[in-house]
Amino acid sequence: MIRSHAAPSVLGMHPSFDALMEITSRPPVVFVEGRGSWLRDQSGKDYLDFVQGWAVNCLGHCPDAITNAIAAQAARLLNCSPSFYNEPMIRLSELIARHSRLHQTFFTNSGAEAIEGAIKLARKWGQKYRNGAYEIITMDHGFHGRTLAAMSASGKPQWERLFEPKVPGFPKVQLNDLEQVERAITANTVAVMLEPIQGEAGVFVASDAFLRDLRVLTQREGILLILDEIQTGIGRTGKFFGFEHAGVEPDIMTLGKGLGGGIPLAALVAHQDVCCFEQGDQGGTFNGNAFATSIGCAVMEEIAKPGFLPQVIQTGAYLAERLQALSRKHQCGGLRGKGLLLAIDLGRKSGPRVVTQAFQRGLLINAPRQDSLRFMPALTVTNEEIDQMIDILDEVLEQMERILK
Ligand SMILES: Cc1ncc(COP(=O)(O)O)c(C=O)c1O
Numbered sequence: 001m002i003r004s005h006a007a008p009s010v011l012g013m014h015p016s017f018d019a020l021m022e023i024t025s026r027p028p029v030v031f032v033e034g035r036g037s038w039l040r041d042q043s044g045k046d047y048l049d050f051v052q053g054w055a056v057n058c059l060g061h062c063p064d065a066i067t068n069a070i071a072a073q074a075a076r077l078l079n080c081s082p083s084f085y086n087e088p089m090i091r092l093s094e095l096i097a098r099h100s101r102l103h104q105t106f107f108t109n110s111g112a113e114a115i116e117g118a119i120k121l122a123r124k125w126g127q128k129y130r131n132g133a134y135e136i137i138t139m140d141h142g143f144h145g146r147t148l149a150a151m152s153a154s155g156k157p158q159w160e161r162l163f164e165p166k167v168p169g170f171p172k173v174q175l176n177d178l179e180q181v182e183r184a185i186t187a188n189t190v191a192v193m194l195e196p197i198q199g200e201a202g203v204f205v206a207s208d209a210f211l212r213d214l215r216v217l218t219q220r221e222g223i224l225l226i227l228d229e230i231q232t233g234i235g236r237t238g239k240f241f242g243f244e245h246a247g248v249e250p251d252i253m254t255l256g257k258g259l260g261g262g263i264p265l266a267a268l269v270a271h272q273d274v275c276c277f278e279q280g281d282q283g284g285t286f287n288g289n290a291f292a293t294s295i296g297c298a299v300m301e302e303i304a305k306p307g308f309l310p311q312v313i314q315t316g317a318y319l320a321e322r323l324q325a326l327s328r329k330h331q332c333g334g335l336r337g338k339g340l341l342l343a344i345d346l347g348r349k350s351g352p353r354v355v356t357q358a359f360q361r362g363l364l365i366n367a368p369r370q371d372s373l374r375f376m377p378a379l380t381v382t383n384e385e386i387d388q389m390i391d392i393l394d395e396v397l398e399q400m401e402r403i404l405k
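In our numbering, the protein residues as written are 1 to 405.
This is the structure:
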């Protein structure tokens with residue numbers, strides 16, 4: 001529970017939302033405060049948060065490591081322009097290189113912008129080293145963000161006819177089907193891009209064998225492997241990066257979400273052999289600013305502490321065990337995912353209703369598809385908080401079963 005006492009909200013109890021663009025359906029509450037796994041709304045009601053800003057707040061809400069880093073950096077230097085080096089930018093690029101064994105980073109402000117950078121870098125590499133090849137094979141149901149090229153690279157069926165015409169050059173194949181990838185490779189192919197776990201699609205895992213075979217195939221064909229680690233990176237699966245489970249190394253990876261622990265920060269990271277941008281090819285006003293990158297350093301240093309990632313594996317295993325037991329009790333389906341990115345198959349299309357009922361009882365979870373619930377708590381979530389979450393979900397499922405009888 002949140003124990004601090006925030007200043008009262010300036011909005012009044014019945015705020016108007018009319019001046020905001022309606023880009024999604026939001027419940028009519030206003031959040032004012034957060035701590036660890038807990039959020040508090042304007043009326044003082046507490047919520048147990050298993051969404052965490054969409055797998056963003058990897059250390060929970062307002063952890064000391066981040067608030068201290070914010071205060072220290074805010075008093076020192078915020079932004080000196082991307083045309084100059086700053087200390088945290090250098091330090092964070094070194095931390096990423098050390099933990100990923102890739103070599104160079106370009107910092108961005110959102111995951112989609114990192115994906116745009118990855119597409120541009122691969123196309124540049126194709127121009128220089130593969131006779132102008134530009135096509136990037138991506139996966140059905142993949143999700144890479146909401147800029148136009150990132151949407152074009154995504155395989156979200158609902159987006160098929162949205163904002164046409166899309167950016168060309170993204171043939172799609174099925175996840176975990178190596179033969180389809182092989183058949184899709186042509187002289188125009190420059191890369192294959194995928195998420196180690198398709199999070200937005202509903203937590204569908206790229207198998208270790210598929211990732212390993214893809215690495216061999218892409219090397220044999222002389223094309224690049226791009227891994228979108230925006231949701232799976234920074235400890236979410238119990239390893240620093242999702243690809244470590246399969247023991248492969250990509251040529252390019254994208255990071256976001258957890259990297260800033262709640263602050264807008266993402267990154268395009270690449271092997272030195274692929275880093276072929278020339279001056280002027282890439283940039284952006286806020287990219288690599290000292291404020292955001294100092295927070296990235298604080299996050300990376302926390303995750304790298306001995307015992308942090310083993311703890312994620314342990315709490316992930318505990319969450320999985322409790323979800324499996326709950327699923328058996330309510331005759332739901334199987335469990336998908338790794339570490340603290342998990343989903344259960346409800347076996348029926350009740351996901352959105354379960355989410356609404358859970359919200360009313362003070363629990364935030366997400367239904368990425370009608371028949372599934374996704375869990376992406378803080379990496380610091382405790383077993384007691386997992387128990388509390390399971391108790392609420394149990395009540396919700398029981399109540400829904402009573403109504404259906
Ligand atoms: C795998 C993946 N790639 C890219 C993105 C886009 O990131 P952002 O929303 O920061 O642009 C997301 C966001 O959910 C994601 O899950």
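Cβ coordinates follow ideal geometry from the N, Cα and C atoms, glycine included. In this text, all values refer to a predicted model and were calculated from it rather than measured experimentally.
Roughly how many angstroms lie between the CA atoms of Ala270 and Gln104, to the nearest whole one? 5 Å
Where Asp391 falls: helix, strand or coil (DSSP): helix
Among all residues, which have a Cβ less than 7 Å from at least one non-hydrogen atom of ligand 1, and in what chain order do they fall? Trp54, Ser110, Gly111, Ala112, Glu113, Ile115, Phe143, His144, Gly145, Arg146, Ala150, Glu195, Gly199, Glu200, Asp228, Ile230, Gln231, Thr254, Gly256, Lys257 and Ala266
Ignoring anything shorter than 4 residues, give me the alpha helix (DSSP H) runs that lie fully in the stretch 201 to 238, in order along the chain. 208 to 221, all fully within the stretch 201 to 238.
Quick check for students: name the residue ranges of the beta strand (DSSP E) that lie wholly in the stretch 79 to 133, counting only runs of 3 or more. Correct list: 104 to 108.
Helix, strand or coil for Leu178? Go by DSSP, reduced to three states. Helix at Leu178.
Could you give the C-beta distance for Thr24 and Ala267, rounded to a whole number, given that I count them as a contact under 8 Å? 26 Å between Cβ atoms; not a contact.
Bridge partners of Thr413, per DSSP? Missing from the structure shown is residue 413; the chain here goes from 1 to 405 and no further.
Bridge partner(s) assigned by DSSP for Met253: Answer by DSSP bridge pairing, in chain order: Leu227 and Val269.
Three or more C-beta pairs below 8 Å linking the stretch 217 to 235 and the stretch 189 to 198: Output reads yes: the stretch 189 to 198 touches the stretch 217 to 235.
Beta strand (DSSP E) containing Val299: first to last residue? That residue, Val299, is in no beta strand (DSSP E); its alpha helix (DSSP H) goes Ala290 to Ile303.
How is the alpha helix (DSSP H) around Gly34 delimited, first residue to last? No alpha helix (DSSP H) contains Gly34, which is instead part of the beta strand (DSSP E) from Phe31 to Arg35.
Leaving aside the five residues before and after Arg101 along the sequence, list all residues of the same chain whose C-beta is less than 7 Å from its C-beta, in chain order. Glu249
Selected residue, minimal CA-CA separation from Ile197, among Tyr134, Ala343 and Glu384: Ala343
Which residue wins for smallest C-alpha separation from Leu364, given the options Met376, Glu301, Gln370 and Ser372? Met376
Between the CA atoms of Gln311 and Ala317 - distance to the nearest angstrom: Roughly 10 Å between the two C-alpha positions.
With Arg322 and Ile386 assumed to form a contact (beta carbons below 8 Å), what rounded beta-carbon distance in angstroms separates them? 6 Å
Tell me the residue span of the alpha helix (DSSP H) that contains Pro15. Here Pro15 belongs to no alpha helix (DSSP H), and DSSP marks it neither H nor E.
Roughly how many whole angstroms lie between the Cα atoms of Ala65 and Gly261? Going by the C-alpha atoms only, they are around 10 Å apart.
Are there 16 or more other CB atoms within 10 angstroms of the CB of Pro168, so buried, or fewer, so exposed? exposed
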